[in-house]
Amino acid sequence: MCKTEASQKLLGKKASMRISNSHLQQLTIFTTVLTGAGIGTMYYLLQKNFAASDYHRLALQELEACPVAMESLGAPPLKVHNIHLTDRYNRVDKHTAQIKIPVTGIKTGGYLCASSLRDPNTNRWNLKQAVLKLREGNAIDLLNPPSTTAQSHAAGHADGVDVGRWH
């Protein structure tokens, strides 16, 4: 037998070798862990980008500046939760941003629903609408808040505010 025939037989045997089940299990576990870590990292970075954005920051500043809304939540302390990435009402493009930020206080929680437009001249975000929608179904318009003397009615509905699309 010549050298080339022997090497072809050897290569043929290696090509037909089977991978053991334990090696396949290890490969599956490794791939699963690596994929999970990648997805977790992507989720973390997306949440970090949302929290650092101007439209997110402007909405939270408006909430914190409204004593009626803060009192209704039982804040401070105000807990701001991660945005639900799968919520179809969270939309951001180059010119508009519409987000629902989950917030809670000691008394209750709800969603801070905000809509912002980017000014093409200054390239800055401007808050168009900011509404705190409480779990009980009541809403507070943060851009036109009720007076502080009407705090007992703070849990009333925000008149003329389009919150029907926000669930």
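Under our numbering, the very last position in the sequence shown is 992; numbers go up by exactly one each time. C-beta atoms are modelled at their ideal positions from N, C-alpha and C, and glycine is treated no differently. Predicted model only: the values in this text are computed from it and were never measured.
Could you say which of the options lies nearest to residue i if we only look at CA atoms?
i: R949; options: T929, T921 and I931; result: T921
i: I965; options: P892, H848 and G863; result: P892
i: P901; options: L885, M867 and I908; result: L885
i: K904; options: L888, R843, S972 and I844; result: L888
Confirm, please, whether the CB-CB distance from residue j to residue i is below 7 angstroms.
i: K953; j: S940; result: yes
i: A894; j: L957; result: yes
i: I926; j: L910; result: no
i: L883; j: G930; result: no
i: R960; j: G935; result: yes
i: I854; j: F875; result: no
Helix, strand or coil: which one does DSSP assign to residue i?
i: R843; result: coil
i: I864; result: helix
i: R913; result: coil
i: T947; result: coil
i: T933; result: coil
i: D879; result: helix
i: T900; result: Correcting the residue type first, residue 900 is Ala in the shown sequence and not Thr. Coil.
Bridge partners for residue i per DSSP, in chain order?
i: I924; result: A939
i: N907; result: In DSSP, N907 forms no bridge with anything.
i: D966; result: V956
I'd like the span of the alpha helix (DSSP H) that includes residue i, first residue to last.
i: A890; result: Premise fails: A890 is in no alpha helix (DSSP H) and is neither H nor E.
Tell me where the beta strand (DSSP E) around residue i begins and ends.
i: L957; result: W950 to L959
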